[in-house]
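Working notes, beginning with the structure itself.
Protein chains: 2
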Amino acid sequence: MARAVDVPSLVAQARDGQVRALARLLSLVEDASPELRAVMAALAPHTGSALIVGLTGAPGVGKSTTTSAIVTALRARGERVAVLAVDPSSPFSGGALLGDRIRMQEHATDPGVYIRSMATRGHLGGLSWATPQALRVLDAAGFDVVLVETVGVGQSEVEVASLADTTIVLLAPGMGDGIQAAKAGILEIGDIFVVNKADRDGADATVRDLRHMTTLGERQEPGDWRPPVIKTVASTGTGIGEVLEAIDAHHLWASGNGHLQVRRRKRAAEEIEAIAVTALRDRLGSLREGRRLEDLAADVVDGTVDPYAAADRLLAEIGA
Amino acid sequence: MARAVDVPSLVAQARDGQVRALARLLSLVEDASPELRAVMAALAPHTGSALIVGLTGAPGVGKSTTTSAIVTALRARGERVAVLAVDPSSPFSGGALLGDRIRMQEHATDPGVYIRSMATRGHLGGLSWATPQALRVLDAAGFDVVLVETVGVGQSEVEVASLADTTIVLLAPGMGDGIQAAKAGILEIGDIFVVNKADRDGADATVRDLRHMTTLGERQEPGDWRPPVIKTVASTGTGIGEVLEAIDAHHLWASGNGHLQVRRRKRAAEEIEAIAVTALRDRLGSLREGRRLEDLAADVVDGTVDPYAAADRLLAEIGA
Numbered sequence: 001m002a003r004a005v006d007v008p009s010l011v012a013q014a015r016d017g018q019v020r021a022l023a024r025l026l027s028l029v030e031d032a033s034p035e036l037r038a039v040m041a042a043l044a045p046h047t048g049s050a051l052i053v054g055l056t057g058a059p060g061v062g063k064s065t066t067t068s069a070i071v072t073a074l075r076a077r078g079e080r081v082a083v084l085a086v087d088p089s090s091p092f093s094g095g096a097l098l099g100d101r102i103r104m105q106e107h108a109t110d111p112g113v114y115i116r117s118m119a120t121r122g123h124l125g126g127l128s129w130a131t132p133q134a135l136r137v138l139d140a141a142g143f144d145v146v147l148v149e150t151v152g153v154g155q156s157e158v159e160v161a162s163l164a165d166t167t168i169v170l171l172a173p174g175m176g177d178g179i180q181a182a183k184a185g186i187l188e189i190g191d192i193f194v195v196n197k198a199d200r201d202g203a204d205a206t207v208r209d210l211r212h213m214t215t216l217g218e219r220q221e222p223g224d225w226r227p228p229v230i231k232t233v234a235s236t237g238t239g240i241g242e243v244l245e246a247i248d249a250h251h252l253w254a255s256g257n258g259h260l261q262v263r264r265r266k267r268a269a270e271e272i273e274a275i276a277v278t279a280l281r282d283r284l285g286s287l288r289e290g291r292r293l294e295d296l297a298a299d300v301v302d303g304t305v306d307p308y309a310a311a312d313r314l315l316a317e318i319g320a
Numbered sequence: 001m002a003r004a005v006d007v008p009s010l011v012a013q014a015r016d017g018q019v020r021a022l023a024r025l026l027s028l029v030e031d032a033s034p035e036l037r038a039v040m041a042a043l044a045p046h047t048g049s050a051l052i053v054g055l056t057g058a059p060g061v062g063k064s065t066t067t068s069a070i071v072t073a074l075r076a077r078g079e080r081v082a083v084l085a086v087d088p089s090s091p092f093s094g095g096a097l098l099g100d101r102i103r104m105q106e107h108a109t110d111p112g113v114y115i116r117s118m119a120t121r122g123h124l125g126g127l128s129w130a131t132p133q134a135l136r137v138l139d140a141a142g143f144d145v146v147l148v149e150t151v152g153v154g155q156s157e158v159e160v161a162s163l164a165d166t167t168i169v170l171l172a173p174g175m176g177d178g179i180q181a182a183k184a185g186i187l188e189i190g191d192i193f194v195v196n197k198a199d200r201d202g203a204d205a206t207v208r209d210l211r212h213m214t215t216l217g218e219r220q221e222p223g224d225w226r227p228p229v230i231k232t233v234a235s236t237g238t239g240i241g242e243v244l245e246a247i248d249a250h251h252l253w254a255s256g257n258g259h260l261q262v263r264r265r266k267r268a269a270e271e272i273e274a275i276a277v278t279a280l281r282d283r284l285g286s287l288r289e290g291r292r293l294e295d296l297a298a299d300v301v302d303g304t305v306d307p308y309a310a311a312d313r314l315l316a317e318i319g320a
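Going line by line, the protein sequences match chains A and B. 1 is the number of the first residue of the first sequence in our numbering; add one for each residue after it. 1 is the number of the first residue of the second sequence in our numbering; add one for each residue after it.
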């Protein structure tokens, strides 16, 4: 038997700034442990204060360096910052983003900064499942800002946007074609665009392309947020102040007009739905130790029942 | 009011070779029409005879040309063939793969060949939802072979493999790095590997790499299927005969040892589960015209309830 977990004290300790308790809570989330429900119930009253900032971009644009520079800037204002580095392509946890961690080691001894890597490949439901709950832990632990960093591959960048209050899309010069290709996805999710490595050739062209593309499309109403395009050289800190101002401005805009509340409610609705659907899927799969679904599948292959009728029978048997 | 659909006659007509009835059934599937259940019930007794062959590969490897050449070869044996070209990146139906259709126009006047393009982007549940049902229609319509062609992007190639009895992975020379990168995905799903454009430089190296990689890994037991690697020049028909022999050999192997039945049952189980989960999701979402989930989401944002407790309440309200 595993030792029983005293969830309320863990939560109290994490809120008190104890790093080991925080790490333990995040592990309970990542491992989908039986205590997860108790953890979420204990956290609920303490959530809602952190600003969740998403940061996404293709490999090589300088995500870790930019994250690190933003952390430095936030720390200079005295804010407590957590970084959740999500790697949707890796099945390995913790150590997966070791390189990133090393690059961020300047913050390693700062008690006001907490950095955690999380792998989601192979995870039940992927990013959408574990990440919101990890964010909930960090939010309840009292961080002022939680930065969620993901590699922009496929669906993950869209998912990170749905998790964040403010989403930063990072690019680097010379990705003109890449912008075109990724256009549909990237333009819709970015609240702030950052062209990093702006000391390189082609930075102005990339900025121009982005400005052009962000002024097209549907964002035309007065009062709408117009995503700024900011040039940075994260390795020297150039432009990071402007990024912080943009984060503040977006937060002010979104809190003032109710947009933030709408986004958070939408996020919570998706989270509730995902939990409910997972629970139902578990029940369907466990009918007669899983043999019920197997038997029905055999009937469908034999043509004696169609998949809809089979689904109806399954549903009836879990009482739905 | 839309005109009522006489599903049994549509099915009878489609089985009788009437193309308009077949197209209508496929549209009912694609549009997730209310008649879908009746269609699936009417089709069930007639399914299970077609061999479903999946064909996937990166853009530019010659998927359409290869498909067309395989169709020609199957027609020479007198088999009726349907081609379902699934484009997971396009939100447009029918016309999406116009280019492909044009390239396949040599079969346009052959009543033994039916070609249909299907777009799945934006579709509820994507490829996994609509494609199996479209395959069911083509199977029940009496085609001997149904070729499902998808562009190998992201998840779609893995999904096509789960839909097919036999999966062909197409590559072209000079994709050595690509093979390495895609290795994990590609090697697991291919029952047959085809290196097309084999008259180009680097074909032998690609074949060698593939042979090396397919002999590594876990497929070591006697009686296991060893995926062949075949060189083709689809535009001239070179090697297509060998591809057909490999399809036959894999089919024989899989039918003989029960593997085919296992694969089909697994597929049916996934289909049943997907239908059941979609039905449950609809019920959750429609509680009090959708306002119930919204209200609970607001409570979660306010911290008065946690997402698990909210999910429990939703489930209780749909009686599950």
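The C-beta atom is built at its ideal place from N, Cα and C for all residues, glycine as well.
- Using a Cβ-Cβ cut-off of 9 angstroms, A/ALA134 does not count as an interface residue toward chain B, since no Cβ of chain B sits closer than that to its own.
- For A/THR167, the three-state secondary structure derived from DSSP is strand.
- Here the region 9-17 of chain A makes contact with the region 133-147 of chain A; the two share three or more CB pairs at distances below 8 angstroms.
- Ranked by Cα distance from A/TYR114, the options A/ALA130, A/THR131, A/PRO132 and A/VAL145 are led by A/VAL145.
- Secondary structure at A/SER68: helix, using DSSP grouped into helix, strand and coil.
- Interface residue (Cβ-Cβ distance to chain A less than 9 angstroms): B/GLN13 is not classified as such.
- Selection B/VAL19, B/GLY54, B/ILE230 and B/VAL305 evaluated against B/LEU84 yields B/GLY54 as nearest (Cα-Cα).
- Linking A/ARG313 to A/MET40 through their CA atoms gives a straight-line distance of about 33 angstroms.
- Given a length threshold of 4 residues, each whole run of the alpha helix (DSSP H) inside the region 200-236 of chain A is given here in chain order: 203-215.
- Taking a Cβ-Cβ threshold of 9 angstroms, the residues of chain B close to A/ARG281 are GLU273, ALA276, VAL277 and LEU280, in chain order.
- The region 204-216 of chain B makes no contact with the region 43-59 of chain B, as fewer than three CB pairs between them are under 8 angstroms.
- Taking each of B/GLU273, B/VAL148 and B/LYS231 in turn and checking the Cα distance to A/GLY290, the smallest one comes out for B/GLU273.
- A/ILE318 has a beta carbon lying within less than 9 angstroms of a beta carbon in chain B.
- By the neighbour-count definition (other C-beta atoms within 10 Å, threshold 16), A/ASP224 is an exposed residue.
- Annotation: A/ALA198 to A/VAL243 spans about 14 angstroms, alpha carbon to alpha carbon.
- Looking at the backbone, the Cα of B/ARG24 and that of A/LEU28 are separated by about 51 angstroms.
- The C-alpha of A/GLY78 lies about 21 angstroms from the C-alpha of A/THR236.
- The C-alpha of A/PRO34 is placed about 15 angstroms away from the C-alpha of A/LEU10.
- Remark: fewer than three beta-carbon pairs, one from each stretch, lie closer than 8 angstroms, so the region 299-312 of chain A and the region 189-206 of chain A are not flagged as touching.
- Here DSSP, grouped into helix, strand and coil, assigns A/SER33 to coil.
- Per DSSP, A/GLY54 is one residue of the beta strand (DSSP E) stretching across 51-57.
- The beta carbon of B/GLY285 falls within 9 angstroms of a beta carbon belonging to chain A, placing the residue at that interface.
- Residue pairing by DSSP leaves A/TYR308 without any beta bridge partner.
- At a cut-off of 9 angstroms between beta carbons, A/LEU296 contacts chain B.
- Rounded to the nearest angstrom, the Cβ distance from A/LEU293 to A/GLY285 is 6 angstroms, consistent with a contact under 8 angstroms.
- Non-local C-beta neighbours of A/GLU149 in its own chain, meaning closer than 6 angstroms and more than five positions away in sequence, comprise LEU55, LYS63, THR67 and ALA85, ordered along the chain.
- CA-CA distance, B/ALA32 to A/ARG116, rounds to 43 angstroms.
- Under the Cβ distance rule, B/ASP302 counts among the residues neighbouring chain A, one pair being separated by less than 9 angstroms.
- At a cut-off of 9 angstroms between beta carbons, A/PRO173 makes no contact with chain B.
- Only residues of its own chain outside the window of five on either side were considered, and among them PRO132, SER162 and LEU163 have a CB closer than 8 angstroms to the CB of B/ARG267, listed in chain order.
- When secondary structure is reduced to three states using DSSP, B/ILE115 falls in the strand class.
- Interface residue (Cβ-Cβ distance to chain A less than 9 angstroms): B/ASP306 is classified as such.
- In this structure, DSSP gives B/ALA44 a helical state, which the three-state scheme calls helix.
- In the DSSP annotation of this structure, the continuous segment of the beta strand (DSSP E) that includes A/ILE192 starts and ends at 192-195.
- Taking each of B/ALA141, B/VAL81 and B/ALA130 in turn and checking the Cα distance to B/GLY112, the smallest one comes out for B/VAL81.
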